[in-house]
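Numbering (full-length UniProt numbering), first residue to last: 1 to 596.
Built from N, CA and C at the ideal position, the CB exists for glycine as well.
No experiment lies behind these values; they were computed from the predicted model shown.
Please read the structure below before turning to the comments.
Right under this line is the structure:
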């Protein structure tokens, strides 16, 4: 296959094709010419022999000497002849010949009969059927017919005919000669063309080999200069180019390596844009930013030509105003600060460079600090206030009877339990995050546990007029996990889903095998989680909008505990949500868990 893509192959094929086309055309013309030539020659010979016999018959009449001469003429030129005086008097020049055509054919055939009836001269080629040695044969014949005026004043006819096989044999011999000549010409042309193209392209092949070496980085390769023609000048230019490339590439590699190391080591993202806004250079943090934005917008990863609108707007301002611009964009719950500076080509702006800094962690930490103080204060303020108020009521003897006192004491007791539960959950979460969680790993029937959880929360679901249903698929393999901790996970997730689902909504618990483990999903049709809050749902004290909790408040630690329990099982937990469409929490647990 490579041969046909090479210069040798192309030149050889071009010359061979050109000669072949000429030979084909010439062969076709010669074949047509000689085929017609043999046919015309046969017709001419038949006509001359027929005229000779007619002249003899008209001078001598039909006698033995004339017939003998006619037979000699026919035998000499390997033809057949029929002399007709009338339907009863006719003679064949060859008695019992191979092709003695019956006389009826000459009277019945529309063309041949014109010689007898109208005294016309005819030359025709046709296929005739007649008996030979008791068998009917079909033979293509060339027939010449001449009228004969006998010395007694009567008109007859002479028909000379010959099988076209004789003409065909001569034509085949000529064809064989033409084909042989064409074949020899093709062979000679092939050899000559291949030899010529090989000699011409030998220097080019050496240059190709040298160019491949240069492409590999071997710039010391030189092309030998054997001639002073255009190819020799090309070899000189190639050697100069290799030396220049060696020098320039060394300098470029040094610059590229320095730039690459600087960009790769930067914690901030860097994007370089040309004049048209096309991305030229990026580093890993910038690629992460662009990939997250493409995913958020629904583009394929390969469609890297798209840029966030904020970044495009900043670029247009930089190009227009030729000044540094700053902006901020949120992508997939992460906050990025963008600083874009113009790049100049002498006096004109040729593009821009954007530096992107991920401020998510800083803001997250700030938010966590503020939320922790606010949430702990909020969670403790209410029970403390209630404890203080009802305690004062008891001290001031506001309660009129023992029943009211017991009711106030019951409220104080419930609020103390609530404070204790908050403190216990904080301590439990702290132990988990410190790696001190204790798991009792055992074989677990996940289908039974899922059914138990659905029955457990049916009463709560009916109380809130929410439909709780299960989609539990059979699990063929045995899952090793802590059943109590797994029940704690499902309790948190299902309770949250019911609390955040409006009336007539649906909460679905799904269990199915997934890859090399089991996937649990709790899906609701509730209000959903805003995009800006989605990255923080597993953090401490995260709570949805109080308006969506349907009057029930939690500590905000449930999902953080869920995350730590799942990670202790070597699993993963994730949340997917759209506002006003619902939320799905997914828990993946592998079949093999580490014992603790």
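Status (buried if at least 16 other CB within 10 Å, exposed otherwise) for residue i
i           : result
residue 564 : buried
residue 398 : exposed
residue 229 : exposed
residue 580 : exposed
residue 112 : buried
residue 562 : buried
residue 521 : buried
residue 577 : buried
residue 129 : exposed
residue 33  : exposed
residue 344 : exposed
residue 261 : exposed
residue 202 : exposed
residue 552 : For residue 552, the pLDDT reaches just 43, beneath the cut-off of 50, and the residue's location in the model is therefore unreliable, leaving the point undetermined.
residue 546 : Note that residue 546 scores 45 on pLDDT, short of 50, meaning its location in the model is unreliable and no value can be drawn from it.
residue 594 : The predicted position of residue 594 is uncertain, since its pLDDT is 47 and thus under 50; a value taken from the coordinates is nonetheless stated next. It is exposed - the Cβ of residue 594 has fewer than 16 other Cβ atoms within 10 Å.
residue 180 : exposed
residue 212 : exposed
residue 165 : exposed
residue 540 : buried
residue 390 : buried
residue 482 : buried
residue 450 : buried
residue 210 : buried
residue 683 : Not covered by the structure: residue 683. The range shown for the chain is 1 to 596.
residue 453 : buried
residue 363 : exposed
Own chain residues within Cβ distance below 7 Å of residue i, not counting five before or after
i           : result
residue 46  : 79, 142, 144, 160 and 162
residue 590 : 516, 517, 570 and 571
residue 501 : 466, 507, 524, 525 and 526
residue 109 : none
residue 119 : 147 and 155
residue 124 : 111 and 143
residue 550 : For residue 550, the predicted structure reports a pLDDT of 39, less than 50, and the residue's modelled location is therefore unreliable. A value from the coordinates is still provided. Answer for residue 550: 464 and 499, listed in chain order.
Three-state class that DSSP yields for residue i in the structure shown
i           : result
residue 538 : coil
residue 219 : coil
residue 358 : strand
residue 62  : coil
residue 579 : coil
residue 550 : Its pLDDT being 39, under 50, residue 550 is placed unreliably in this model, and the value from its coordinates should be taken loosely. Coil.
residue 499 : helix
residue 455 : helix
residue 591 : coil
residue 235 : helix
residue 484 : helix
residue 241 : helix
residue 43  : helix
residue 135 : strand
residue 262 : helix
residue 420 : helix
Beta-carbon contacts of residue i that lie in its chain and below 8 Å, excluding the five residues immediately before and after
i           : result
residue 597 : In this structure the chain extends from 1 to 596, so residue 597 is not present and cannot be described.
residue 185 : 19 and 23
residue 318 : 324, 325, 340, 341, 342, 349 and 352
residue 137 : 129, 130 and 131
residue 231 : 203 and 204
beta-carbon residue i near the ligand FAD non-hydrogen atom, thresh 7 Å
i           : result
residue 398 : You won't find the ligand FAD in this model; it holds no ligand whatsoever.
Close Cβ partners of residue i (< 6 Å) along its chain, the five nearest in sequence each way excluded
i           : result
residue 575 : 537 and 585
residue 281 : 272
residue 100 : 92
residue 497 : 507, 522 and 524
residue 339 : 326 and 355
residue 257 : none
residue 329 : 308, 310 and 336
residue 596 : Confidence is the limiting factor: at residue 596 the pLDDT is only 45, short of 50, which leaves the residue's position unreliable, though a coordinate-based value still follows. 439, listed in sequence order.
residue 548 : Its pLDDT being 40, under 50, residue 548 is placed unreliably by the model, and the measurement read from it follows with that caveat. Correct list, in chain order: 500 and 527.
For residue i: DSSP bridge partner residues
i           : result
residue 127 : 140
residue 585 : 522 and 575
residue 508 : 469 and 523
residue 479 : 444
residue 82  : 92 and 159
residue 411 : None, per the DSSP bridge assignment.
residue 30  : In the DSSP output, where bridge partners are listed per residue, residue 30 has none listed.
Residue i at chain C interface by Cβ criterion, 8 Å
i           : result
residue 151 : Note that chain C does not occur in the displayed structure, where there is just one protein chain.
Runs of 3 residues minimum, wholly inside the stretch 315–366: which ones carry the beta strand (DSSP E) assignment? Runs of the beta strand (DSSP E) inside the stretch 315–366: 325–331, 334–345 and 348–358.
Please go through the stretch 145–219 and give each complete beta strand (DSSP E) segment of 3 or more residues, from N-terminal end onward. The stretch 145–219 is shown to contain whole beta strand (DSSP E) runs of 3 or more residues at 155–163, in chain order.
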